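Presented below is the structure to which this report refers.
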Amino acid sequence: MKKIGIMTTGGDCSGLNAVIQRIYRGATLRGWRVLGILDGTDGLCTTPPRVIEFNEDTLPVEFARMAGSLLHNGRPQALNFETAAETGRLAYFNKQLRKSLNELKLDALILIGGNGSLSLAWCNRDIYSGLQLICIPKTIDMDIPLTDRTIGFNTAVQQLTSFCDQLMLTARSHHRWFVVQTMGRDCGQLALNAGIAIGASAILIPEIKFDINALISHIKNAPRDYGIILASEGISLRGHSGRPADMISRKLTAAGITNRTAYPEHTQRVGDTTAADRILATRFADCALNAIANNETYVMTAINDCECKTVSLNDFFNSGYVSTDPNIPDLQTSDAYVSPDDPLLDIAHDMGIYIGESK
1 MKKIGIMTTG GDCSGLNAVI QRIYRGATLR GWRVLGILDG TDGLCTTPPR VIEFNEDTLP
61 VEFARMAGSL LHNGRPQALN FETAAETGRL AYFNKQLRKS LNELKLDALI LIGGNGSLSL
121 AWCNRDIYSG LQLICIPKTI DMDIPLTDRT IGFNTAVQQL TSFCDQLMLT ARSHHRWFVV
181 QTMGRDCGQL ALNAGIAIGA SAILIPEIKF DINALISHIK NAPRDYGIIL ASEGISLRGH
241 SGRPADMISR KLTAAGITNR TAYPEHTQRV GDTTAADRIL ATRFADCALN AIANNETYVM
301 TAINDCECKT VSLNDFFNSG YVSTDPNIPD LQTSDAYVSP DDPLLDIAHD MGIYIGESK
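The UniProt record's numbering applies: residue 1 is where the sequence shown begins, and numbers increase by one.
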């Protein structure tokens, strides 16, 4: 009987509980035991490690739709790669991870994480040398190389779309523009996809330079006197500081354009998991379990052109834009961004949406 562990790390998102429940269900049908590791790597840094063994009572199927992670993704002052680096305890941290994983006697560990977590797993792969390591990509940012979709992205787009749909009504009532700041870090996929969905008047993303005067002219010449301007959190305005939405808003106000700012913030991370994300979670769970059965290790589940399969963590890491991690010395992160030939950019342009100066 195989014994597998599940761990969620990094930021939370909808779909985590769906993939956890599907892994448990599929593993149980194979006759395997499933342990959940609590609070990510912090759960492996205590003696004994903090774990829960799943059963039908602790993980009923109806929990799959819920946002967040039943395993938690960490807590204040949690010990992880970043906090260990900050406090000079990386050596202790790595030793503790190995010790706990050995004590748990796992045959395989399924790590559900974002690009930072997956990059760290590959860069520190010796920690997992005694077991099979299978990674599942999740993030609302969609910044993971080699996969067309990540768990949580579809639900986040829906949450942001619903938020903006409501703002559009009050915008219309008051002849007003709303500058909405989205999440996404340095990747503009969330803003771009939601912007297309709501019919935004402008979408500002980190990957494309924009001209504030061109934006102002676009808004002044718009066919209506209200609407939504989406500003991804990763954009910058030369010579200005502060939150991106505030910077854009101040410029619009100075140009005589009535506007307000709005910050959906963590509502983008929650919401009942959409059917698309539940299906993706189920496909990734099945793919991960098949990888364990086939004795694969150091792999990530991925979906491309509707085909779900595993890719090596080495390929994942080297296929992105590898950059130095700002929080962890001597470690690197692999990122994906909106491609210049992304068809949504052409669609936005054809629909009269201002997306910057590249088109």
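Cβ atoms here follow ideal geometry from the backbone N, Cα and C, with glycine treated the same way.
Treat the numbers as computed from the prediction; the structure is a model and nothing was measured.
Spanning the alpha carbons of Leu-190 and Ile-144 requires a straight line of approximately 13 angstroms. Secondary structure at Asn-304: strand, using DSSP grouped into helix, strand and coil. Gln-181 has Ala-231 as its beta-bridge partners, per DSSP. Secondary-structure assignment with DSSP links Ala-108 through a beta bridge to Ile-4, Gln-132. Within the model, the alpha-carbon separation for Leu-16 versus Met-247 is close to 34 angstroms. Here Ser-312 carries a strand assignment [DSSP, helix/strand/coil].
In the DSSP annotation of this structure, the continuous segment of the alpha helix (DSSP H) that includes Gly-116 starts and ends at 115-123.
Minimum Cα-Cα distance from Phe-163 among the listed residues Ala-336, Ile-229, Arg-243, Cys-287 corresponds to Ile-229.
Contact check for Val-34 against Thr-41 fails: the beta carbons are separated by 9 angstroms or more. Secondary structure note for Arg-238: it is in no alpha helix (DSSP H), with a DSSP letter that is neither H nor E. Judged by their CB atoms, Ser-201 and Ile-353 are nearer to each other than the 9 angstroms cut-off. Between Asn-304 and the set Arg-260, Phe-284, Asn-294, Glu-296, the nearest pair of CA atoms involves Phe-284. In the three-state reduction of the DSSP assignment, Pro-48 falls in the coil class. Of Thr-83, Ile-6, Met-168, the smallest CA-CA separation from Ala-262 is found for Met-168. In the three-state reduction of the DSSP assignment, Tyr-92 falls in the helix class. Looking at the DSSP output, Arg-260 bridges to Phe-178.
Taking the C-beta atoms as reference points, Leu-111 is found no nearer than 9 angstroms to Leu-331. Judged by their CB atoms, Ile-292 and Ile-37 are not nearer to each other than the 9 angstroms cut-off. For a cut-off of 8 angstroms, the C-beta gap from Gly-113 to Lys-138 is around 7 angstroms, short enough to register as a contact.
Within the same chain, and ignoring the five residues on either side of Ala-84 in sequence, the residues whose Cβ sits closer than 6 angstroms to its Cβ are Leu-90, Phe-93. Judged by DSSP in its simplified three-state form, Leu-35 adopts strand. Nearest Cα to Gly-199 within the set Phe-63, Ser-312, Gly-227, Arg-176: Gly-227. Of the candidates Glu-357, Arg-50, Glu-56, the residue whose Cα lies closest to the Cα of Ile-208 is Glu-357. Put simply, the backbone Cα of Arg-50 is about 5 angstroms away from that of Gly-43. Taking the Cα positions, Asn-314 is about 11 angstroms away from Leu-146.
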